[in-house]
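Numbering of the sequence shown is given in this note's numbering, commencing with residue 29 and proceeding in unit increments.
Where is the CB? At the ideal position from N, CA and C, for every residue including glycine.
Notes for the one structure printed next.
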Amino acid sequence: MVDYAVLVASAVLYAVGIVAQSVAARRARNRPGAGLGLLARLAADRLYLLGFAGQAGGFALAFFARASLPLYLVQAASSSAIGLATVFGVAVLGWRIRTAEAMTLVLLASGLVVLAGSSAPSVATDLPFAGIAALAVVVLGTGLAMVPAGRAGTFLPAAVLSGVAFAVVAVASRTLAHLDLLALPANPLTWLMFAAAVLGQASMAVALQRGPAAAVVATADATTIVLASVTGMAVLGDHVVGGREPWVAFGLAVVVSGVLLLGVQSRSGTASLAGEAA
29 MVDYAVLVAS AVLYAVGIVA QSVAARRARN RPGAGLGLLA RLAADRLYLL GFAGQAGGFA
89 LAFFARASLP LYLVQAASSS AIGLATVFGV AVLGWRIRTA EAMTLVLLAS GLVVLAGSSA
149 PSVATDLPFA GIAALAVVVL GTGLAMVPAG RAGTFLPAAV LSGVAFAVVA VASRTLAHLD
209 LLALPANPLT WLMFAAAVLG QASMAVALQR GPAAAVVATA DATTIVLASV TGMAVLGDHV
269 VGGREPWVAF GLAVVVSGVL LLGVQSRSGT ASLAGEAA
């Protein structure tokens, strides 16, 4: 039960980070720049730093949860932050929400319940050298792709790249989470994880300048959930309660659908988190 409490706390911190970072990024939309340059300028914004602190705190708690919980559950729970951010915006900042969006939040919560009931704790299988090399190639490719993504007129390329980078973070941290903390600095996978995290943040900042926060985060989260969950079960040995594999597939489909629906609904303009926050 402690692990599940840690997941809930992680989602709350992620939600605070989403709201704060979206407001800061949209405030900077009239200043030119993209990628790491934009991220450097945002680092001087106290609100963005608050959002980053929320993201960092959420990541730290999710990191410890990955020591024993499968990626498909941890990533799905982390993705619920977009729903919590919506609730936070409605309750505190006066954002508007429609009935359809409220129903989507219920759908998202239902998928999480299904996944929680189907998950089985386990320690991840260590990545072989070939696996680490593959992650390094993905990180390098993501970094190179940020240049054209920063020039695009839509948020989609940058949001997808952010999701890919955070999937690398999830896979790497699932492998590292059960190790002694003092041994992490000497592990090359640790530095690869941090490089992917920086790229994910930079891509997210670019995407948030070009689209509604809910749509951006939904796209990134859906990408991360799918990539990390498949890798966790296929490579890292993530376990499922016997006979409940179809339920895991169903739960993941429901969560991904819920996350994407929130993003689609925000693009309609009536409940755009970023639009209300600007």
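Check this for me: beta carbons of Ser-106 and Ala-39, under 8 angstroms apart or not?
In this structure, the beta-carbon distance from Ser-106 to Ala-39 falls below 8 angstroms.
For Arg-126, count the other beta carbons within 10 Å of its own beta carbon; 16 or more makes it buried, fewer makes it exposed. Which is it?
Label assigned to Arg-126: exposed.
Hey, would you say Ala-48 sits closer than 8 angstroms to Leu-78, going by beta carbons?
Yes, the pair counts as a contact, with Cβ atoms nearer than the cut-off.
Continuous alpha helix (DSSP H) assignments of at least 4 residues falling wholly in the segment 200–284
DSSP runs (the alpha helix (DSSP H)) wholly in the segment 200–284: 216–238, 241–262.
Could you tell me whether the Cβ atoms of Ile-253 and Val-283 are closer together than 8 angstroms?
Yes, these two residues count as a Cβ contact at 8 angstroms.
Nearest-angstrom Cα distance between Leu-209 and Ala-128?
Approximately 44 angstroms between the Cα atoms of the pair.
Could you please give the first and the last residue of the uninterrupted alpha helix (DSSP H) stretch that includes Ser-146?
Following the DSSP letters along the chain, one finds Ser-146 inside the alpha helix (DSSP H) bounded by residues 127–146.
What's the call for Phe-222, buried or exposed, on a 16-neighbour Cβ count within 10 Å?
The Cβ neighbour count for Phe-222, taken over all protein chains shown within 10 Å, is under 16; the residue is labelled exposed.
Grouping DSSP H, G and I as helix and E and B as strand, with all else coil, what is Pro-156?
Here Pro-156 sits in coil by DSSP.
Take the Cβ of Ala-119 as the centre, count every other Cβ of all protein chains shown within 10 Å, and call the residue buried at 16 or more, exposed below.
Burial state of Ala-119 is exposed, judged by a 10 Å Cβ sphere holding fewer than 16 other Cβ atoms.
Taking Leu-189 and Ala-173 to be in contact with their CB atoms under 8 angstroms, please state how far apart those CB atoms are, rounded to whole angstroms.
Contact holds; Cβ gap of about 6 angstroms.
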